[in-house]
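Colleague: Chains as they are written, first to last, in the numbering used here: chain A, 6 to 274; chain B, 7 to 112.
All C-beta atoms in this analysis are idealised placements derived from N, C-alpha and C, irrespective of residue type, glycine included.
If you're wondering where the values come from, they're calculated on a predicted model, not measured in any experiment.
This is the structure, below, for whatever I ask next.
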Amino acid sequence: MCDTCGCGNPDEFKIHGKENGQMANWRNGENQEHHHHDHEHEHDGHTHSHVHDHTPEKVISLNMDILSENNRLAERNRGYFEGKHVLALNLVSSPGSGKTTILEKTIHALIPSRKIFVIEGDQQTARDADRIEKSGAPAIQINTGSGCHLDAKMIHLALHKMEVDNQAILFIENVGNLVCPALFDLGEQKRVVVISVTEGDDKPLKYPYMFQSSNLCIINKTDLLPYVDFSVEAAIQYARQLNPDLEFILMSAKTGEGMNEWYTWLSKQ
Amino acid sequence: MEVIELAQREADKNGVSRIREILIEVGDLSGVEADAFQSALELIVHGTILAEAELRISRTPGKGKCMKCNMEFEMNNRIDCCPKCLCLPSEISEGQEFRVLSMVVE
Chain A
6 MCDTCGCGNP
16 DEFKIHGKEN
26 GQMANWRNGE
36 NQEHHHHDHE
46 HEHDGHTHSH
56 VHDHTPEKVI
66 SLNMDILSEN
76 NRLAERNRGY
86 FEGKHVLALN
96 LVSSPGSGKT
106 TILEKTIHAL
116 IPSRKIFVIE
126 GDQQTARDAD
136 RIEKSGAPAI
146 QINTGSGCHL
156 DAKMIHLALH
166 KMEVDNQAIL
176 FIENVGNLVC
186 PALFDLGEQK
196 RVVVISVTEG
206 DDKPLKYPYM
216 FQSSNLCIIN
226 KTDLLPYVDF
236 SVEAAIQYAR
246 QLNPDLEFIL
256 MSAKTGEGMN
266 EWYTWLSKQ
Chain B
7 MEVIELAQRE
17 ADKNGVSRIR
27 EILIEVGDLS
37 GVEADAFQSA
47 LELIVHGTIL
57 AEAELRISRT
67 PGKGKCMKCN
77 MEFEMNNRID
87 CCPKCLCLPS
97 EISEGQEFRV
107 LSMVVE
């Protein structure tokens, strides 16, 4: 969680996308070119002296979840997706597990029979959104700055910049990180965790929160299995210990192994 | 940041200008490192409604329930399993809390 490491200033994120066909940048959801606000405040002569009478102390009992505001916005996003029959998927993984390549292949295979939209989350650059757009799907990039996860508010604002068609699939590619994104509901229907065989097969044990909160686990880069010490059975066993309902797909986005299984999974959601 | 926003919202709602103390519950299985959270929060409260508030953390130990025999047992981390049935998934019943319990205000 991000207050933990001190990262993640919520006033810092940027969204890159197209507005009326033109590239545009938004800081915290506001277009930097078009919507310049002067933040001057007139005080009509009233002064800011406040008299403190040292009123007696009082205890306010709250019992409020600290992530409740995020959860509230996530529910709003979920309602929006349900209303439009959009399948929204939150893709989470470590950096370099192959999420963007999986998406590129998926877009090539499923368009034009299915409309696909993508929200890309990275700390910096619009490189992934550019890759996705080249594959043929509209994409919007969120740069989280020093933050290490996407949150529901960023998704909410991104949805104002990109009109997602009814019945479409919306892939939300989260920041490559198996820690903080686990705690932030974005309003997705399903969460997909991607690991690759070049990582350790004990990853589920090391990052249990992510595997407990996911619905599907893609084990990617299986073409490399002969060259690494990754045991698929062990990884599945560890993950099932944490989450008995977790589904698995063995995949090589490079060779195409498992891709049909993935498309079938998508069509069933 | 969420804590500061929450405190500000509640202060506004209750017409409060000063918060003397804020009590935050952090479960041992919540994914939040309580000490790091407290240090980070102390750094970012400057200039906010919590600037003068004492930040108090209340820890809640983890507790789980075996999905097979229903026995309740202490959990030190999320992958602990029932000491009797061993290594079966268990349901976390306590320790996932991350919430503001109360504020002392003026």
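(1) Could you list which residues in chain A have their beta carbon closer than 9 Å to that of residue 110 of chain B, in chain order?
(2) Taking the Cβ atom as the reference point for each residue, do residue 79 of chain A and residue 124 of chain A lie within a distance shorter than 9 Å?
(3) Give every residue of the same chain whose Cβ lies closer than 8 Å to the Cβ of residue 48 of chain A, excluding the five residues on either side of it in the sequence, and list them in chain order.
(4) Considering only DSSP beta bridges, list what residue 222 of chain A is partnered with.
(5) For the 8 Å Cβ check, are there 3 or more pairs between the segment 61-71 of chain B and the segment 29-37 of chain B?
(6) According to the Cβ coordinates, are residue 21 of chain A and residue 223 of chain A closer than 9 Å?
(7) DSSP three-state label for residue 153 of chain A, please.
(8) If we cut at 9 Å on Cβ distances, does residue 58 of chain B have a partner in chain A?
(9) Is any beta-carbon of chain A found at less than 9 Å from that of residue 82 of chain B?
(10) Taking Cβ positions only, does residue 106 of chain B come closer than 9 Å to chain A?
(11) Taking residue 139 of chain A as the reference, which of A/27, A/108, A/160 has the closest Cα?
(12) What are the residues that DSSP puts in a beta bridge with residue 29 of chain A?
(13) If I measure Cβ to Cβ from residue 209 of chain A and keep anything under 7 Å in the same chain, skipping five residues before and after, which residues do I get?
(14) In angstroms with no decimal places, state the Cα-to-Cα distance between residue 56 of chain B and residue 180 of chain A.
(15) With a threshold of 9 Å between beta-carbons, can residue 220 of chain A be considered close to chain B, or not?
(16) Which one or two residues does DSSP pair with residue 87 of chain B in a beta bridge?
(17) Where are the alpha helix (DSSP H) runs, 4 residues long or more, that stay fully inside the segment 86-136 of chain A, in chain order?
(18) On the three-pair Cβ rule with 8 Å, is the segment 167-182 of chain A touching the segment 84-101 of chain A?
(19) Just by C-beta distance, which residues in the segment 69-97 of chain A are closer than 8 Å to chain B?
(20) Taking the CB atoms as reference points, tell me whether residue 10 of chain B and residue 109 of chain B lie closer together than 9 Å.
(21) Taking Cβ-Cβ distances below 9 Å as the criterion, which residues of the segment 166-193 of chain A are in contact with chain B?
(22) Residues of chain A with CB under 7 Å from residue 26 of chain B, in chain order?
(23) Does the segment 70-88 of chain B come close enough to the segment 261-270 of chain A that 3 or more CB-CB pairs lie under 8 Å?
(24) Return the chain-ordered ranges of every alpha helix (DSSP H) run that is complete within the segment 7-85 of chain B and spans a minimum of 4 residues.
Modeller: According to the structure shown:
(1) Ordered by position in chain A, the residues that pass the 9 Å Cβ test against residue 110 of chain B are 62, 63, 64, 65.
(2) Cβ atoms of residue 79 of chain A and residue 124 of chain A: not closer than 9 Å.
(3) Caution is warranted here: a pLDDT of 49 is assigned to residue 48 of chain A, below 50, making its placement in the model unreliable, and no coordinate value can be reported.
(4) Within the DSSP bridge table, the entry for residue 222 of chain A names A/198, A/253 as partners.
(5) Enough Cβ pairs lie closer than 8 Å, so yes.
(6) No, these two residues do not count as a Cβ contact at 9 Å.
(7) It is coil, neither helix nor strand.
(8) False, the Cβ-Cβ gap to chain A never drops below 9 Å.
(9) Among the residues facing chain A, residue 82 of chain B is not included, as its CB has no counterpart in that chain under 9 Å away.
(10) Interface residue, yes.
(11) The shortest C-alpha separation from residue 139 of chain A is found at A/108.
(12) Bridge partners of residue 29 of chain A: A/22.
(13) Listed in chain order, the non-local C-beta contacts of residue 209 of chain A below 7 Å within the same chain comprise 216, 240, 243, 244, 247, local neighbours out to five positions each way being set aside.
(14) Going from the Cα of residue 56 of chain B to the Cα of residue 180 of chain A covers about 30 Å.
(15) No, because no Cβ of chain B sits closer than 9 Å to the Cβ of residue 220 of chain A.
(16) In DSSP, residue 87 of chain B forms no bridge with anything.
(17) Those alpha helix (DSSP H) runs which fall completely within the segment 86-136 of chain A and span 4+ residues are 104-115.
(18) The segment 167-182 of chain A is in contact with the segment 84-101 of chain A.
(19) Along the segment 69-97 of chain A, the positions whose C-beta sits under 8 Å from a C-beta of chain B are 69, 70, 71, 72, 73, 74, 75, read in chain order.
(20) No.
(21) Within the segment 166-193 of chain A, the qualifying residues are 184, 185, 187, 188.
(22) Near residue 26 of chain B (Cβ distances below 7 Å), the residues of chain A are 62.
(23) The way I'd put it, the segment 261-270 of chain A doesn't touch the segment 70-88 of chain B; fewer than three beta-carbon pairs between them come closer than 8 Å.
(24) You should have 8-19, 40-50.
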